Amino acid sequence: MPDSNDQKYFVRIHGKNMGPFSFDQLLSLKNRGRLHADHEVSADGRQWKPASQMEGLFEQPRQEEPQPTGSARAAQSTQWFYTIGDEQEGPVSFSKLKKMCRKGTISEEDL
328 MPDSNDQKYF VRIHGKNMGP FSFDQLLSLK NRGRLHADHE VSADGRQWKP
378 ASQMEGLFEQ PRQEEPQPTG SARAAQSTQW FYTIGDEQEG PVSFSKLKKM
428 CRKGTISEED L
């Protein structure tokens, strides 16, 4: 992560240059929705890069997917029924039900 005490940065948004800002000020701008990943940042006002490429600014810590336990595992193995029009279908797994929704086989009007 950049040294937040010494380094100053410029921000270019829609062709307008602003700054200089400290790293902490950049974080504040981001957290308030004023600085977006596609805005540009520069340490010298000449070489620009997307804010998304600035170390520590938009990076999210990687979190491992929690493994299902207990009731979550039981929910995954639950069988589901659905109705299209007047016809009841099923049983199907939850993952198959999700695939059907993505493909449009099941719509918002279906039960």
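Residue numbers (the working numbering): 328 to 438.
We treat Cβ as the ideally placed atom computed from N, Cα and C, and that holds for glycine.
Since the structure is predicted, the reported quantities are computational estimates derived from the model, not experimental observations.
Cutoff 7 Å; reference residue i; Cβ partners in own chain excluding five residues on either side
i: Thr432; result: none
Contact under 9 Å by Cβ, residue i with residue j
i: Leu353; j: Val368; result: yes
Residue range of the unbroken alpha helix (DSSP H) whose run includes residue i
i: Phe350; result: Phe350 to Asn358
i: Ser422; result: Phe421 to Lys430
Beta-carbon proximity list for residue i, same chain, < 8 Å, skipping 5 on both sides
i: Asp417; result: Note on residue identity: the sequence assigns Gly, not Asp, to residue 417. Cβ within range, chain order: Gln406, Trp407, Phe408 and Tyr409.
i: Pro377; result: Ala364, Asp365, His366, Glu367 and Val368
i: Leu424; result: Trp407, Tyr409 and Ile433
i: Pro347; result: Lys335, Tyr336 and Phe337
Of the residues the options, the one placed nearest residue i, counting alpha carbons only
i: Arg441; options: Gly372, Ala370, Trp375 and Phe385; result: Because the chain is modelled from 328 through 438, residue 441 falls outside the range shown and cannot be assessed.
i: Gly383; options: Asp351, Gly342 and Gly372; result: Asp351
i: Lys343; options: Met427, Lys426 and Trp375; result: Trp375
i: Asp371; options: Glu436, Arg339, Leu356 and Asn358; result: Arg339
Integer-rounded CB distance, given that residue j should sit under 8 Å from residue i
i: Asp365; j: Ser379; result: 7 Å
For residue i, the first and last residue of its enclosing beta strand (DSSP E)
i: Arg339; result: Tyr336 to Ile340
i: Ser369; result: Glu367 to Ser369
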